[in-house]
Every structure is written in structure tokens, then in C-alpha cells.
Amino acid sequence: MKCARYGLATLAASTLLALATGVAIAQVTAVGGTPEGAQIRNPVAATDASVAAGRAVFMEKCAACHGERGDGHGKGIGEYGTPPADLTRASYTYGTADGDVFDVIQNGVQPRLAMPGWDGLISETDMWNVVNYLRTLRRRS
Ligand code: HEC
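Numbering (the numbering used here), first residue to last: 352 to 492.
Shown next, in the form of C-alpha cells:
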């Protein structure tokens with residue numbers, strides 16, 4: 352099967368890369384978040400200005416996949432093996448603590464990266480602004 356062969360080739364290539372560079376293959380993102388994530392303090396206060404800035408970043412970079420309402424119904428849906436997450440749920444698969452959500456935005460969901468990481472593409476302040484915005488989307492449980 353073509354897909355399976357492509358998958359194996361990709362795996363072999365990344366293993367070779369890891370061997371050649373000595374860099375370990377990225378860790379798998381922890382379901383349920385991490386103890387560290389719960390300890391990290393959000394350095395950006397969730398002011399109206401921060402939430403508005405986070406919303407602007409979300410509309411530009413995230414809405415294509417997650418949808419303008421964050422419910423996972425962006426135009427990108429169907430193009431990825433993994434559907435974009437519904438970010439209006441009360442809690443998230445990879446942790447709901449600010450530090451865990453920040454980690455997912457910065458590094459993506461490893462190792463498949465259907466959710467790409469934004470390290471270097473969005474400033475850390477803006478990532479925290481997005482974290483603050485996502486809090487306003489979540490249904491109260
Ligand atoms: C290319 C499409 C795409 C883009 C663009 C994208 N995401 Fe995602 N996102 C995904 C997919 C697919 C998943 C589910 C990944 C998985 O479960 O493996 C996901 C998962 C997430 C999660 C984890 C949800 C959970 O339940 O733990 C968060 C948080 C998230 N995205 C936030 C964002 C933010 C913020 C942006 C913009 C900076 C963004 N995403 C941009 C596709 C995308």
C-alpha cells in the first residue's frame with residue numbers, strides 16, 4: 352500500500368536523522384497534561400487587551416483548522432488524518448492547565464504534528480495571549 356510505504360520511509364528517514372545528529376526523536380505529547388504544565392505560571396494577565404490580541408492571532412493562524420469559533424470546524428477539516436480539536440470543550444486532551452496549552456501551541460502535538468508547533472513563528476507573549484483567549488472559548492463544566 353502506498354501510504355504504508357510512505358509512512359515507513361518517513362520513519363526510516365527520521366530515525367537516520369536522529370542517529371546522524373544524535374538528537375532524540377521528539378517526545379510524545381502527554382495525554383492529560385504534565386505535572387510541570389500545571390506548575391507553570393502564565394506570565395501574561397488575562398486582560399481584555401490580552402484576550403483581544405490572542406483572538407487576532409487565533410483568527411490569523413489557527414481558525415483555518417480549528418474554525419472561527421474554535422469548534423474544530425475550520426476549512427482545513429478533512430485534509431488531515433487527525434481532525435482539528437474542538438477548543439470549546441471544557442477540558443483538553445493534552446492538558447487544560449495554561450502551561451500545557453502553551454506547550455501544545457509552542458511544540459505542537461508530538462510526534463505526528465497534525466497540530467503543528469509555532470515556536471519561532473508566534474512570539475511567546477502572543478502564545479500566552481492565545482492561551483488567555485482559549486480560556487474564554489471553553490465551556491464551563
Ligand atoms: C494545520 C491545522 C492546524 C492549525 C493551523 C492549528 N491546529 Fe491546533 N490542532 C490541529 C489538530 C489536527 C489537532 C489534534 C492533534 C492530535 O490530537 O494529535 C490540534 C490540537 C490542538 C490543541 C490541543 C487540544 C487538546 O484537546 O488537547 C490545541 C490547544 C490547539 N490545537 C491549539 C491551536 C492554536 C492556538 C493554533 C494557532 C496558533 C492551532 N492550534 C493551529 C490542527 C491545527
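Every residue gets a Cβ at the ideal spot worked out from N, C-alpha and C, and that includes glycine.
Asked                                                                                                                : Found
Expressed to the nearest angstrom, what Euclidean distance is found between the alpha-carbon atoms of V395 and V402? : 10 Å
Roughly how many whole angstroms lie between the Cα atoms of A369 and Q378?                                          : The predicted model places A369 with a pLDDT of 43, which falls under 50 and marks its position as unreliable, so this point remains unresolved.
Mind checking T380: buried by the 16 CB within 10 Å criterion, or exposed?                                           : buried
According to DSSP, is D451 part of a helix, a strand, or is it coil?                                                 : helix
Closest by CA to D449, which one among R489, A400, L472?                                                             : R489
What first and last residue would you give for the alpha helix (DSSP H) that runs through D399?                      : 399 to 408
On the three-state DSSP scale, how would you describe D437?                                                          : coil
Give the DSSP-derived three-state secondary structure of D477 in the structure shown.                                : helix
For A465, is the beta carbon positioned less than 8 Å from some heavy atom of the ligand HEC?                        : yes
Applying the 10 Å Cβ sphere with the 16-neighbour rule, what's the burial state of R406?                             : buried
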